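Just add 7 to the spot in the sequence shown (first one is 1) and you have the numbering used here. Where a beta carbon is used, it is the ideal one built from N, C-alpha and C, also for glycine. Fair warning: this is a prediction, and the values are worked out from it, not measured in the lab.
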Amino acid sequence: MTTKAHCLKTRARSALFVASTLLGLLWLGGCATAPRLEGNHNQQAMVGKTKDQVLSCAGSPLRQATEGELTLLRYYREAPILEESFATSKASRPGIHHGCWATVILQEGRVVEVQYRFVPSTVDASNDCEEIFVPCVQ
8 MTTKAHCLKT
18 RARSALFVAS
28 TLLGLLWLGG
38 CATAPRLEGN
48 HNQQAMVGKT
58 KDQVLSCAGS
68 PLRQATEGEL
78 TLLRYYREAP
88 ILEESFATSK
98 ASRPGIHHGC
108 WATVILQEGR
118 VVEVQYRFVP
128 STVDASNDCE
138 EIFVPCVQ
C-alpha cells in the first residue's frame, strides 16, 4: 500500500470516529430532561393562601410587583455552602453554586400559582425553593 493510500485510509477512519462520537453525544443529549418546575409539595400547598399568610410564613419578598390584576412576590434562596462541595479521600472538590427563584402569583389577594426558576437552569434546585415555604406548610 502506498503512503498516499495509507494517509487517505487513516483520514477516513478519523472522520468516521469523529462523526460517530458526535452522533453518540447528540443521542445522549436527547435523553436529558429539564428539571421539574411544578408539582413540588410546598409549591402546590401554597395555592389558595392569602397574601398576608404568605408574608407571615415566608417573610418579606426580595421583590414585589403588580402586573395588571396580578401581584408577584419574588423570593430567592441559595444552596448552603456545604451542599456545594463533595468530599473526596483527603479533601473536597467544589460543586456547582446554585439557587432558586420562587415567584408567588396572587390574584384577588390569593395565591393562584407558584413558579420556580433554577440558577443555573441546568441544576434542579427545587429543594432550595421548597425550603422557602417550609414554615407555610407546617
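Under 6 Å Cβ to Cβ from residue i, same chain only, skipping five residues before and after it: list those, please.
| i | result |
| --- | --- |
| residue 137 | 47, 49 |
| residue 108 | 83, 124 |
| residue 80 | 68, 71, 111 |
| residue 144 | 49, 52 |
Near residue i, what residues of its chain come up, given a Cβ to Cβ distance below 7 Å and the 5 sequence neighbours on each side ignored?
| i | result |
| --- | --- |
| residue 106 | 83, 84, 85, 86, 126, 132, 135 |
| residue 57 | 116, 117 |
| residue 139 | 65, 82, 84, 109 |
Pick from the options: whose alpha carbon is nearest that of residue i?
| i | options | result |
| --- | --- | --- |
| residue 52 | 81, 77, 122, 130 | 122 |
| residue 78 | 63, 120, 142, 130 | 120 |
| residue 55 | 116, 139, 141 | 116 |
| residue 74 | 114, 129, 59 | 114 |
Tell me, please, which residues DSSP counts as bridged to residue i.
| i | result |
| --- | --- |
| residue 106 | 85, 126 |
| residue 121 | 111 |
Within a Cβ cutoff of 8 Å, which residues of the same chain sit near residue i, ignoring the five residues on either side of it in sequence?
| i | result |
| --- | --- |
| residue 142 | 64, 65 |
Would you say residue i faces chain B, with C-beta separation under 9 Å as the test?
| i | result |
| --- | --- |
| residue 143 | Checking the listed chains, one finds no chain B in this structure; it contains a single protein chain. |
Original post:
In the region 55 to 92, which residue ranges form an unbroken beta strand (DSSP E) of at least 3 residues, counting only runs that do not cross its ends?
Top reply: As summarised for the region 55 to 92, the continuous beta strand (DSSP E) elements at least 3 residues long and confined to that stretch are 70 to 74, 77 to 85, given in chain order.
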